[in-house]
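A.B. asks: Numbering of the sequence shown is given in the UniProt record's numbering, commencing with residue 24 and proceeding in unit increments.
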Amino acid sequence: PNTTGLIFAMREEQEGLESFIQNKQVHQIAKRRFIQGQLWGHPVVMVLAGIGKVAAASTTSLLIHHFQINQLILSGVAGAADPALKVGDIVIARELLQHDMNASPLFPRFEIPLTGKSRFFVNKNLHLELQKATTLFVQNIQKYIPESLRKEWDLMKIEMYSGLVASGDQFIHEAAIVNQLKKELPDLLALEMEGAAIAQVCDEHDLEFAILRTISDNANETASIDFQSFVNQIAAPYTVGILKNYFEN
Ligand code: ADE
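#1: Give the C-beta separation of Met183 and Thr157 to the nearest angstrom, bearing in mind that I take them to be a contact with Cβ-Cβ under 8 Å.
#2: If you compare alpha carbons, which of Leu137, Leu214, Gly60 is closest to Ser127?
#3: Can you name the start and end residues of the beta strand (DSSP E) that Gln121 belongs to?
#4: Considering only residues of the same chain and omitting the five flanking positions on each side of Asn93, which have a CB-CB separation below 8 Å?
#5: Are Ile200 and Ala259 touching if we call contact CB-CB under 9 Å?
#6: Does the Cβ of Ala242 lie closer than 8 Å to at least one heavy atom of the ligand ADE?
#7: So what does DSSP say about Asn241, is it helix, strand or coil?
#8: Which stretch, first to last residue, makes up the beta strand (DSSP E) that contains Val224?
#9: His65 bridges to which residues according to DSSP?
#10: Grab the span of the beta strand (DSSP E) containing Val49 for me, first residue to last.
#11: I think Leu97 touches Leu86, with their Cβ atoms under 8 Å apart; what is that distance to the nearest whole Å?
#12: Within its chain, find whatever has a CB closer than 8 Å to the CB of residue 13; leave out the 5 residues flanking it on each side and keep chain order.
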């Protein structure tokens, strides 16, 4: 049967999901724990990659070469780059780009040298399946996040977005940097540190992938505080809720 690789950057983003794993087998490779088993009847291998593009790329490569995965999903948080997005909204990447790639004037800004590529595209069908799962999650949010917490965090109306997500080895915490990136990339929705690295490795191996992000902060001057409390308090149920709806449908 088809095995899904599940990749996380932070422990808090993975937490919660591990308790649902059945027939658990643990493999230790390259200082990482690969947890193999079933989630809601579906074969998976999940792993905590760590933060940043190198951690994400090397872990993706390990998942591909040590396990027979046929698709890969990352679930985690991101900073908003578009002013329409609020903390608690969900972004399903349709395209990914490395915003810290800049070999100009040798190659166009953002282009990965000698590949001719700056953007990586998510498989349409997998994207659609995740949209469906996310819609179900949002409709049944009370099953996953208690009302008191939703009120406290102003999560009474969660929106779902699809579009461009940019990755780089920087935690963005300045409005001026977001504005500059937004000027260069008008369709940019969110900023994070792994998605486009996973996308590049999956592209090299013709493997389907998807990047699922919940907005934890606005990548501005209060980002580090907003990010920490979001990750500590509510990141986990988003991952559990969306992936449960994905595997059960
Ligand atoms: N992940 C969550 N928030 C982020 C930010 N502001 N910058 C980079 N990655 C993030």
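We put the CB at the ideal spot given by N, CA and C, even for glycine.
C.D. replies: Let me lay it out:
#1: 5 Å
#2: Leu137
#3: 113–121
#4: Asn25, Thr26, Thr27, Leu230, Glu231
#5: no
#6: yes
#7: coil
#8: Run containing Val224: none in the beta strand (DSSP E); it sits in the alpha helix (DSSP H), 218–227.
#9: Leu62
#10: 45–52
#11: Actually they do not touch by this definition, with Cβ atoms about 11 Å apart.
#12: Residue numbering for the chain in the displayed model covers 24 to 272; residue 13 lies beyond these limits and cannot be assessed.
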